[in-house]
Structures are given as C-alpha cells and as structure tokens.
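Residue numbers (mature numbering (1 follows the signal peptide of the UniProt record, and there is no 0)): -20 to -1, 1 to 170.
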C-alpha cells in the first residue's frame, strides 16, 4: 500500500511540475543562438494575445524599448518614408565588467507585416535582421531573426553564454510588455 501511495504522489508531482513549467512560459518564448565563424545567429519568437495592428504598433514603438532590460536609451533620430533611424545605448554586465554599446540602427517598416534592420554605425562589427509578425487565431506571433558580429576582445564562448542568457530574459520581458501594451491612440490597420 505504501508503494501505491508513493506512486500516486510521484505521479502528481510530475504532473504539477509539467504544469508549472508550461505556465512559467505563457508566451511560448523560444530563443536559439548559433555561433558561426565569429558571428551569432539569433532566432527567437513569442506569441501574445493581441491583434496584428497592436503588435506592429508595439514593435515600432522604438523609444518605448527603453523599458526592456539592458536598453538604457533609444531615440528616433530620423524618419523618412518607411525608413527610421534609431540611436540606442545598451548596458550589460559580462563577468562583473560593465559593457556599454552604442549603435544607430536603420529600420525599414512594412506595416503590419515586418521590420528589417541593420546597424549603420556602432560598437559591433555588424548587426542586422528582421522582425516578422504572423497573425494566428486570437494571437500574434513575433519572429526575430538576426546576425550579430561582436567587436570585442572577450572570448567568443563567453559572448555566446552572455547572448544566450540575456536574450531569453529580454524576449520574455518584451512578451510581457507586449501583453500589457495599450497604444495611446486606436490604431487603424492599414
């Protein structure tokens, strides 16, 4: 009888652990970092219960990104047609050393579908990629795909560890912020 009780307790423990793990990632945040010849390919996604218009407004709120951990400054410096230039300052800790990275990134907007971006000046050798929005049933899937080539004397393995660990937290924070996001004005879908 004792073994039956132990078996039932074990079963409920594993069920509750599985349920807790599912609930700890309510936005299905996925992050993958692949090193490749001094560069890092980052792919990430998360799903948020919001319409595609609000999702697009959220990812194009460039100055609002200051609320994401690590981003201390984000300022739109120019906007011409569907091209937007944003100056950013990011602060991180790597092995107890504070690192500050500055960049100017040019975004090309394709309303309610995607953003492409490329660093035009800054502290990394290169940074470019895309954000894509995919409308799902009652949700929008945010898909991020980027190539990052650091300009650092820090060993690649340490940078990879840092990127893998900091990126997950950033995307979780972005998903949480997106779920709470309320545009200042009602946005008409174009």
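From the three backbone atoms N, C-alpha and C, an ideal C-beta is built for every residue, glycine too.
Alpha-carbon to alpha-carbon, residue j and residue i
i, j, result
"residue 134", "residue 53", "24 Å"
"residue 42", "residue 66", "7 Å"
"residue 149", "residue 76", "18 Å"
"residue 5", "residue 18", "31 Å"
"residue 21", "residue 56", "26 Å"
"residue -3", "residue 10", "With a pLDDT of 38 at residue -3, under the threshold of 50, the modelled position of that residue is not reliable, and no figure is offered here."
"residue 97", "residue 118", "27 Å"
"residue 122", "residue 69", "23 Å"
"residue 81", "residue 131", "10 Å"
"residue 84", "residue 64", "10 Å"
"residue 114", "residue 138", "33 Å"
"residue 160", "residue 16", "36 Å"
First through last residue of the beta strand (DSSP E) which encompasses residue i
i, result
"residue 25", "19 to 28"
Continuous alpha helix (DSSP H) stretch holding residue i: start and end
i, result
"residue 143", "136 to 160"
Cβ distance (whole Å) where residue i is taken to contact residue j below 8 Å
i, j, result
"residue 142", "residue 24", "Residue 142 to residue 24, Cβ: 15 Å. No contact."
Ignoring anything shorter than 4 residues, give me the alpha helix (DSSP H) runs that lie fully in the stretch 7 to 87, in order along the chain. 32 to 39
Identify every run of the beta strand (DSSP E) within the stretch 100 to 129, keeping only runs that are complete inside it and at least 3 residues long; order them along the chain. For secondary structure counted as the beta strand (DSSP E) over 3 or more consecutive residues, the stretch 100 to 129 holds these complete runs in sequence order: 106 to 116, 119 to 129.
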